[in-house]
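Q: Quick one: structure below, then a few questions.
Numbering (the working numbering), first residue to last: -5 to 289.
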């Protein structure tokens, strides 16, 4: 199945194209990573826990960081169908392995706390929290009309992704819900980043990227709106109109819906060949991009 890795995006959109992003020197070091395979930082390097069930335990604790997770809850999450009779003993072994990975033999980070365990995490320790913080700042900058700052901050947020969230963790109720939530946030941040870059006049570079993203996520209407605008600004008016027709067909066939008012307004502007659409500005949001909704 086609996914974002097929695009060669490296999960890190940047102002100079999709390329690896160097973290800011001002960023404090991360301790846990879940935006991709689950990893912990130990002795200055990133390591992965070898056992799948052990990674599942760590993931459940990360999703519930700074909260006590009972042994009963861990048992239900790690073995959703039927737990073995030795489940509690196995959980103790997995906790021991996590503590070894964290160089935490005394259990100061991963504490035994009745009726279970608590994994402590400071602000910024977890890449998922750092991502959502950067994404919120970037979207706020975009709403305030500062597209250049928005593109930079949203790029930093997206650069934290190394693949699908919790990619190497067996599905549990808690981790699946968190992975879906984070993926929705990632797509919204990606749409906002594209919007900011379009305002900054990067339509020629972005057009093929958006086209492929539309193929991956055909029901993300905001991506279709961005594609229409990018095509029009790239001198491909007929393709922009066809993109709207394809959006209309897809929504009708799949959901029985019509395009949003934003998409229809942009379609009419393209039909009228409005020159305003040709003039991106870092201080003004173009027609068809002023909506803050994220589908």
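C-beta atoms are modelled at their ideal positions from N, C-alpha and C, and glycine is treated no differently.
Quick check: what's the CA-CA separation for residue 152 versus residue 261?
A: 29 Å
Q: For the 8 Å Cβ check, are there 3 or more pairs between the segment 204 to 219 and the segment 168 to 180?
A: no
Q: Just the C-alpha distance for residue 186 and residue 148, rounded to the nearest angstrom, thanks.
A: Our two residues, residue 186 and residue 148, have alpha carbons roughly 8 Å apart in a direct line.
Q: Using CA coordinates, which residue listed in 140, 77, 61, 96 is at the minimum distance from residue 24?
A: Residue 96 is the option with its Cα nearest to residue 24.
Q: Using DSSP's beta-bridge definition, name the partner residues of residue 110.
A: 64, 107
Q: Entirely within the segment 223 to 249 and at least 4 residues each: give me those alpha helix (DSSP H) ranges in chain order.
A: The alpha helix (DSSP H) runs of length 4 or more contained entirely in the segment 223 to 249 are, from start to end of the chain, 231 to 249.
Q: What do you get for residue 138, buried or exposed, if any count of 16 or more other CB atoms within 10 angstroms of its CB means buried?
A: exposed
Q: Which whole-angstrom value is the C-beta distance of residue 77 and residue 69, which I expect to be below 8 Å?
A: 5 Å
Q: Quick check: the Cα distance between residue 114 and residue 61, rounded to an integer number of angstroms?
A: 8 Å
Q: By how many angstroms is the C-alpha of residue 146 removed from the C-alpha of residue 132?
A: 8 Å
Q: Sorted by chain position, which residues of the same chain lie with C-beta nearer than 6 Å to residue 92's C-beta, five sequence neighbours on each side aside?
A: Within the same chain, 52, 104 come within 6 Å of residue 92 by CB-CB distance, once the 5 residues on both sides are set aside.
Q: Between the C-alpha atoms of residue 280 and residue 193, what's the straight-line distance to the nearest angstrom?
A: Note on residue 280: pLDDT 40, under 50, position unreliable in the model; the coordinate value appears next. If you take the alpha carbons of residue 280 and residue 193, they lie about 7 Å apart.
Q: Using the three-state DSSP reduction, which class does residue 182 fall into: helix, strand or coil?
A: helix
Q: At what residues does the alpha helix (DSSP H) containing residue 94 begin and finish?
A: 81 to 95
Q: Could you tell me the alpha carbon to alpha carbon distance between residue 143 and residue 81, rounded to whole angstroms?
A: 50 Å
Q: Where does residue 170 fall in DSSP's three states?
A: helix
Q: Could you give the DSSP three-state label for residue 43: helix, strand or coil?
A: coil
Q: For residue 161 versus residue 31, is the C-beta spacing smaller than 7 Å?
A: yes
Q: May I have the straight-line CA-CA distance separating residue 258 from residue 177, to the nearest angstrom?
A: 27 Å
Q: Between residue 190 and residue 41, what straight-line distance do the alpha-carbon atoms span, to the nearest angstrom?
A: 35 Å
Q: Classify residue 163 as helix, strand or coil using the three-state DSSP reduction.
A: coil
Q: If we ignore side chains and look at the alpha-carbon of each, how far apart do residue 235 and residue 126 end up?
A: 34 Å
Q: Output the distance between the C-alpha atoms of residue 164 and residue 266, rounded to the nearest integer angstrom.
A: 52 Å
Q: Would you say residue 266 faces chain D, with C-beta separation under 7 Å as the test?
A: No chain D is part of this structure, which consists of one protein chain only.
Q: Where residue 287 and residue 217 are concerned, what is the direct C-alpha to C-alpha distance, given to the nearest angstrom?
A: Residue placement at residue 287 is poorly supported in this model, since its pLDDT is 36, which falls under 50; the coordinates are not used for a value here.
Q: Could you check what DSSP says for residue 213 in three-state terms: helix, strand or coil?
A: It is coil, neither helix nor strand.
Q: Are residue 231 and residue 197 close, meaning C-beta to C-beta below 7 Å?
A: no
Q: Can you tell me which of 106, 156, 85, 101 puts its alpha carbon nearest to the alpha carbon of residue 49?
A: Per the C-alpha coordinates, the member of 106, 156, 85, 101 positioned closest to residue 49 is 85.
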